[in-house]
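Notes to accompany the following structure.
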Amino acid sequence: MTFFGLGIAIFFFIHGQVGCPACAGNLDLLPYFGINKVIFCGGGGVLDKNIEVGKSLVVNGAIRDEGFSYHYLEPFRVVYCEPKYAKKNDYLIGLTRTADAIFREIIDCINFRRSEGAKIVEVEQAGCISVALFFKGLLWRSNLWGRRCFSK
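Throughout, our numbering is defined as the position within the sequence shown, counted from one, plus 210.
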């Protein structure tokens with residue numbers, strides 16, 4: 211964008227909502243305001259006990275245990291980010307599990323998601339990735355560290 215002949219970049223900061231419909235629903239609005247690149251930072255519960263406290267994880271995909279993302283993409287099990295963006299950094303890279311129930315996790319389900327490769331659990335990412343892929347945009351998420359599993 212130019213302003214008085216100068217090239218400028220506009221940054222728009224928005225507070226992410228908790229839960230997939232609220233957070234990804236807001237993300238769905240951004241392209242209509244001309245916003246086509248998003249950096250999404252948030253937190254998740256750690257499933258991989260090898261992740262150190264404070265370590266950042268770039269999500270390269272989400273196991274879909276929610277319903278929102280199915281309104282944007284075909285119903286396959288895992289939705290993946292654009293791999294070219296995930297490889298341009300020095301962070302950990304891995305899958306997340308997106309769930310609908312914020313406070314309800316069953317230990318058998320947690321163990322099964324770990325066996326599928328999930329490193330963290332959260333409640334927005336599958337929908338956000340699906341919206342970004344729907345609009346063919348860039349979605350990059352970092353600084354994922356949770357309050358759980360701080361000790362090995």
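Glycine included, each C-beta is placed from N, C-alpha and C at the ideal position.
task: With DSSP as the reference, label residue 214 as helix, strand or coil.
output: In the sequence shown, the residue the question calls residue 214 occupies position 4. Three-state result, residue 214: coil.
- request: Measuring alpha carbon to alpha carbon, tell me which of 342, 340, 304, 322 ends up nearest residue 254.
  value: Taking the first residue of the sequence shown as 1, we reach residue 254 at position 44. The shortest Cα separation from residue 254 among 342, 340, 304, 322 belongs to 304.
Reference residue 325; option with closest CA among 223, 258, 229: Sequence index remark: in the sequence shown, residue 325 carries index 115 (1-based). Nearest of 223, 258, 229 to residue 325, Cα basis: 258.
- prompt: How big is the Cα-Cα spacing for residue 226 and residue 241?
  reply: For the purposes of this step, residue 226 is identified with residue 16 of the sequence shown, where counting begins at 1. For the purposes of this step, residue 241 is identified with residue 31 of the sequence shown, where counting begins at 1. The straight-line gap from Cα to Cα measures roughly 16 Å.
Three-state class that DSSP yields for residue 323 in the structure shown: By 1-based counting over the sequence shown, the position of residue 323 is 113. If DSSP states are grouped into helix, strand and coil, residue 323 belongs with the helices.
field: alpha helix (DSSP H) segment containing residue 341, residue limits
entry: The residue you call residue 341 lines up with position 131 of the sequence shown. Here the alpha helix (DSSP H) through residue 341 covers 335-344.
- request: Within the same chain, show all residues whose beta-carbon is closer than 8 Å to that of residue 215, passing over the 5 residues directly before and after it, in chain order.
  value: Within the sequence shown, the letter at position 5 stands for residue 215. If we look at residue 215 and ignore the five residues flanking it on each side, it has no Cβ neighbours.
Counted within 10 angstroms of its Cβ, other Cβ atoms place residue 250 as buried (16 or more) or exposed: Walking along the sequence shown from the start, residue 250 turns up at place 40. That one is buried.
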